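Trainee: Can you keep this structure in mind? I'll have questions shortly.
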Amino acid sequence: MSANPTEPLLAPAQDPERIARMFPAEFVWGVATSAFQIEGSVAGDGRGPSIWDTFCARPGTILDGSDGREACSHLTRWESDLDLLVALGVGHYRFSISWSRVQPNGHGPWNDTGIAFYDRLVDGLLARGIKPHVTLYHWDLPEALQQRGGWQSRETVADFVGYARRMGALLGDRAATITTHNEPWVVATLGHREGIFAPGLRDRRVAAQVSHHLLLSHGEALTALRADGVRSQLGIVLNQAPVHSATALMEDRAKAQLEDGELVRWYMDPLLKGAYPADVLEHLGADAPQVLPGDLERIRVPLDFLGINYYTRNIAIAQGAYDPSSSGLELTDMGWEVYPTGLTELLTRLQRDYRLPPIYITENGAAYPDQCIDGVVHDDARVRYLASHIEAVAQARQAGVDVLGYFAWSLLDNFEWAHGYTKRFGIVHVDYRTQARTPKSSAVWYRALQKATRERSAGVVLRVLDREPS
Ligand code: IFM
648 MSANPTEPLL
658 APAQDPERIA
668 RMFPAEFVWG
678 VATSAFQIEG
688 SVAGDGRGPS
698 IWDTFCARPG
708 TILDGSDGRE
718 ACSHLTRWES
728 DLDLLVALGV
738 GHYRFSISWS
748 RVQPNGHGPW
758 NDTGIAFYDR
768 LVDGLLARGI
778 KPHVTLYHWD
788 LPEALQQRGG
798 WQSRETVADF
808 VGYARRMGAL
818 LGDRAATITT
828 HNEPWVVATL
838 GHREGIFAPG
848 LRDRRVAAQV
858 SHHLLLSHGE
868 ALTALRADGV
878 RSQLGIVLNQ
888 APVHSATALM
898 EDRAKAQLED
908 GELVRWYMDP
918 LLKGAYPADV
928 LEHLGADAPQ
938 VLPGDLERIR
948 VPLDFLGINY
958 YTRNIAIAQG
968 AYDPSSSGLE
978 LTDMGWEVYP
988 TGLTELLTRL
998 QRDYRLPPIY
1008 ITENGAAYPD
1018 QCIDGVVHDD
1028 ARVRYLASHI
1038 EAVAQARQAG
1048 VDVLGYFAWS
1058 LLDNFEWAHG
1068 YTKRFGIVHV
1078 DYRTQARTPK
1088 SSAVWYRALQ
1098 KATRERSAGV
1108 VLRVLDREPS
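As structure tokens, then:
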């Protein structure tokens, strides 16, 4: 038995001290959340509705029929949540701003109460010695903008730039990083092509146009923030994965190539090479987005960093659906394969194919059906997941990829979009009835990893001092 009931039973593979030795002292360890998934308080205080409020209200969209009205009540519990970060030894916190909380209609008047919340949050983080990492857009478009066409409309690009500049003026002297978009593939594909996320549209042509406007708004916002003298590091976050073919059959391999184009190259190529991939454009045919002269130059602006969110590999199959249980690999509660080597594979491939800026792993984590029993949550499977993926990051670094940091998804169990509250990704358990927070074994383990890195850096300093002549 471990000494403390929440301490995980560790195999050598998860030994935090062993893993800490793979990273430099200055490596960034953090945790991540997003506004709609944790804040609650969607009405009142002047916040306008977002497309996720509208989507949740549509019957049949969310697995458990839930919504974001209460979520983790972070809006009222933010101070104790920040204290929790301190207790967990976390030095970096990645969160997103709810656009409709600070600007209810997405254009026009600002909401001072909403702005004051993020102002206080950032000050609260800094007062606790925690570096803020701000995401401007984590999927919750103001509903008023959707009524005007949403991301399908080029007008939304200008609205986003206005919002970004206001947030840059507010936080750009205090936020360590500012990310324009989180996972634009999800917004375009799941929200506008497959219709399983807000705003629930199913139109391939619209989805392609949306992806272009998201990228354009990223480039325009970055340029504007730089011109405004914002001091934070500026970048974008992409969800990426290696795409493997289910079989060696030609048709499955062709499908894998196309999916790689849609997931990886459709975003990486315009951002870093200034062009959309020819094979995907050809596949889209008449559904390809309208790209105006100069757009691609506006998208390819220098990035201070690129955020990568990684959870599992993708398997492509031309006919039917791939059954993840057929691989024999461990699956998470999302039914996703635990596939840590995919992260090394992805990062080294990106390094080979692109001139990469510094990388942060901005999300990585796993859902498991955790239970809080007598105030204790044993989530040893998550500890194994995190340890193996962090080691995969170390291997990518050894291969020369400049990874500066890693953020665990997520600090808290939270609203997992179309899955509602049925999936728990947190390193801290949330009892949605009482809102009690209980750190899981993984939180204890992650704290140990961060402590081991810090102590290691203290050791380095001492060793250097030892060598100095007296
Ligand atoms: O919860 C999400 C998050 O909002 C974006 N990235 C993936 C996570 C897990 O599905």
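The opening position of the sequence shown corresponds to residue 648 in the numbering used here, with each subsequent residue numbered one higher.
Positions of the beta carbon are idealized from the N, C-alpha and C atoms, including for glycine.
Quick caveat: nothing in here was measured; it's all calculated off a predicted structure.
So, are the CB atoms of P987 and H1036 less than 8 angstroms apart?
Mentor: Yes; because the gap between Cβ atoms is below 8 angstroms, this pair is in contact.
Trainee: Rounded to the nearest angstrom, how far is the Cβ of P889 from that of R960, given a contact under 8 angstroms?
Mentor: Indeed, because the Cβ distance is near 5 angstroms, the residues count as touching under 8 angstroms.
Trainee: Report the rounded CA-to-CA distance for S713 versus I685, giving the unit in angstroms.
Mentor: Roughly 13 angstroms between the two C-alpha positions.
Trainee: In angstroms, rounded to a whole number, what distance separates the CA positions of L976 and V678?
Mentor: Distance between the alpha carbons of L976 and V678: 26 angstroms.
Trainee: At what residues does the alpha helix (DSSP H) containing D1078 begin and finish?
Mentor: Where D1078 is concerned, there is no enclosing alpha helix (DSSP H), although the beta strand (DSSP E) it sits in stretches over V1075 to D1078.
Trainee: By the three-class DSSP mapping on this structure, what secondary structure does K778 have?
Mentor: K778: strand per DSSP, three-state reduction.
Trainee: Do N752 and the ligand IFM come close, with the Cβ less than 7 angstroms from some heavy atom?
Mentor: Every heavy atom of the ligand IFM is 7 angstroms or more from the Cβ of N752, so no.
Trainee: Opposite T826 in the DSSP bridges: which residues?
Mentor: Bridge partners of T826: T782 and G882.
Trainee: Let's see if you can read the secondary structure: which residues bound the beta strand (DSSP E) around P1086?
Mentor: From DSSP, the beta strand (DSSP E) with P1086 extends over A1083 to P1086.
Trainee: Should G687 be labelled buried (16 or more other beta-carbon atoms within 10 Å of its own) or exposed?
Mentor: With 16 or more other Cβ atoms within 10 Å, it is buried.
Trainee: W676 bridges to which residues according to DSSP?
Mentor: According to DSSP, which records beta bridges pairwise, W676 is partnered with Y1053.
Trainee: Can you give the Cα-Cα distance for R821 and K778, rounded to whole angstroms?
Mentor: Taking the straight line from one Cα to the other gives about 8 angstroms.
Trainee: I'd like the list of long-range same chain contacts for R1044, defined as Cβ closer than 7 angstroms, with 5 residues on each side in sequence excluded.
Mentor: If we look at R1044 and ignore the five residues flanking it on each side, its Cβ neighbours are V1050.
Trainee: Determine, using beta carbons only, whether A1039 and T995 come nearer to each other than 8 angstroms.
Mentor: Contact: no.
Trainee: Do L788 and W746 have their C-beta atoms within less than 8 angstroms of each other?
Mentor: Yes.
Trainee: Less than 8 angstroms between the beta carbons of I946 and H865, yes or no?
Mentor: Cβ distance < 8 angstroms, so I946 and H865 count as in contact.
Trainee: To the nearest angstrom, how far is the alpha carbon of V938 from that of V769?
Mentor: Those two C-alpha atoms are separated by around 37 angstroms.
Trainee: DSSP has A892 in a bridge; who is on the other side?
Mentor: Looking at the sequence provided, one finds Ser at residue 892 rather than Ala. Answer is A963.
Trainee: In the DSSP assignment, find the beta strand (DSSP E) that holds Y914 and state where it starts and stops.
Mentor: Looking at the DSSP string, Y914 is not in any beta strand (DSSP E); the run it does join, the alpha helix (DSSP H), is W913 to K920.
Trainee: Taking just the CA atoms, how far does R767 sit from S681?
Mentor: Going from the Cα of S681 to the Cα of R767 covers about 17 angstroms.
Trainee: Could you name the residues that DSSP lists as bridge partners for H739?
Mentor: According to DSSP, H739 bridges with G677 and K778.
Trainee: Can you find a heavy atom of the ligand IFM that lies under 7 angstroms from the Cβ of W1064?
Mentor: Under cutoff, so the answer is yes.
Trainee: Between M915 and chain C, is there a C-beta pair that is closer than 8 angstroms?
Mentor: Among the chains in the structure shown there is no chain C, since it carries only a single protein chain.
Trainee: Taking 7 angstroms as the cut-off, is the beta-carbon of E1010 closer than that to any non-hydrogen atom of the ligand IFM?
Mentor: Answer for E1010: yes, Cβ within range of the ligand IFM.
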